[in-house]
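Novice: Have a look at this one before I ask anything.
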Amino acid sequence: MFAAYPRRRFIEPLITRGLRHSKAACTSLFQARQPAPSNKLGCRLLFPTTSRKDNPMSKNIIHSDNAPAAIGAYSQAVRAGNTVYLSGQIPLDPKTMALVSDQFAEQAHQVFKNLKAVCEAAGGSLNDIVKINAYLTDLSNFAVFNEVMGQYFAQPFPARAAVGVAALPRDALVEAEAVMVLAD
Numbered sequence: 001m002f003a004a005y006p007r008r009r010f011i012e013p014l015i016t017r018g019l020r021h022s023k024a025a026c027t028s029l030f031q032a033r034q035p036a037p038s039n040k041l042g043c044r045l046l047f048p049t050t051s052r053k054d055n056p057m058s059k060n061i062i063h064s065d066n067a068p069a070a071i072g073a074y075s076q077a078v079r080a081g082n083t084v085y086l087s088g089q090i091p092l093d094p095k096t097m098a099l100v101s102d103q104f105a106e107q108a109h110q111v112f113k114n115l116k117a118v119c120e121a122a123g124g125s126l127n128d129i130v131k132i133n134a135y136l137t138d139l140s141n142f143a144v145f146n147e148v149m150g151q152y153f154a155q156p157f158p159a160r161a162a163v164g165v166a167a168l169p170r171d172a173l174v175e176a177e178a179v180m181v182l183a184d
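Note that my numbering has the sequence shown beginning at 1, numbered continuously upward.
Spelled out as C-alpha cells, the structure:
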C-alpha cells in the first residue's frame, strides 16, 4: 500500500521554497518511480506504508472477567508491543455491573481493583503501570484518592494526572485509566 499525495500540492512548494532538493532532484524522484500508480484523483502514490498484517505493533485486545465488561464501543485494554493501554475503570462490581457504593473511598478502591484485574489479564501488575489519569467529580476528594492510591502502589509511583470533571458514567465519583509497560 502507498499513501497518496498530489504532486503540485506536495513537491512543488518544496521546489519553490528551495527546501532540501533541487527541482531536478524532485523531478528524478518522480521519474524513478515511473510509472507510479495513481488513485482516482490523479495523485501519485509515493510513500509506502505497511498493512496491519505486516505491522509488528498490531494491537491485541485484553479482557478480564474479573473487571466490569465494557459499557460502550471500547475494549478493557489494548496491547501494542509491550505497552498496554487500559481503558477508564469506574467503580462497578464486575458481577453485578452496579456501583459498589455512594462513598468516594469505596469507589476509589473498586477502581483500583478493576485496574488490577485488567493488568493481570494482560500479564502484568499494578507495579507495571507508568501513567495514570484520574477523573474526579469533586476535587475535594483528592486527598482521599491519594491515600487509596498509596495502598495499591509502591515507590517509584507512576506518573499521574488528576482532573476534575462535571460528571462520569453511571454517576460514578471517580474513574481512572492507565498505561502499562510490560517487560520484553
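C-beta: ideal position from N, C-alpha, C; glycine also.
All values derive from a computational prediction rather than experimental measurement.
Runs of 3 residues minimum, wholly inside the stretch 71-120: which ones carry the beta strand (DSSP E) assignment?
Specialist: List check, beta strand (DSSP E) in window: 77-80, 83-89.
Novice: Where F142 and N60 are concerned, what is the direct C-alpha to C-alpha distance, given to the nearest angstrom?
Specialist: Cα to Cα, the separation comes out at about 34 Å.
Novice: With H, G and I counted as helix, E and B as strand and the rest as coil, what does DSSP make of L136?
Specialist: In the structure shown, L136 sits in a strand (DSSP, three-state: E or B).
Novice: Pull up the DSSP beta-bridge partners for M57, would you.
Specialist: Answer is none; M57 lacks a bridge partner.
Novice: Could you give the DSSP three-state label for G124: helix, strand or coil?
Specialist: If DSSP states are grouped into helix, strand and coil, G124 belongs with coil.
Novice: Starting from the Cα of E177, find the closest Cα among A105, A159, S58, K95 and give me that residue.
Specialist: Nearest option by C-alpha distance: A159.
Novice: Once DSSP output is grouped into helix, strand and coil, what is the label at G164?
Specialist: G164: strand per DSSP, three-state reduction.
Novice: From the DSSP output, which residues share a beta bridge with V179?
Specialist: DSSP, once it has assigned bridges, lists Y85, K131 as partnering V179.
Novice: Give me whichever residues DSSP pairs with V174 in a beta bridge.
Specialist: Its beta-bridge partners are L136.
Novice: Taking 7 Å as the threshold (C-beta atoms), are V181 and V130 in contact?
Specialist: Their beta carbons are under 7 Å apart, which means V130 touches V181 by this criterion.
Novice: Note down, in chain order, each residue of its chain lying with its Cβ closer than 8 Å to the Cβ of A154, except the 5 sequence neighbours on either side.
Specialist: Correct list, in chain order: N127.
Novice: For a test of the three-state rule: what should DSSP assign to A143, helix, strand or coil?
Specialist: Of the three classes helix, strand and coil, the one that applies to A143 here is helix, per DSSP.
Novice: Using alpha carbons as the reference points, say which of D184, A67, A172, A167 lies closest to A105.
Specialist: Of D184, A67, A172, A167, the residue nearest in Cα terms is A172.
Novice: Round the Cβ separation of V165 and F112 to the nearest angstrom and send it over; I've been treating them as touching at under 8 Å.
Specialist: At roughly 18 Å, the Cβ-Cβ gap does not stay under 8 Å, so V165 and F112 are not in contact.
Novice: Select from K116, N146, T137, A108 the residue whose C-alpha is nearest the C-alpha of A67.
Specialist: The candidate whose alpha carbon is nearest that of A67 is K116.
Novice: With a Cβ-Cβ cutoff of 7 Å, do Q107 and V174 count as a contact?
Specialist: Contact: yes.
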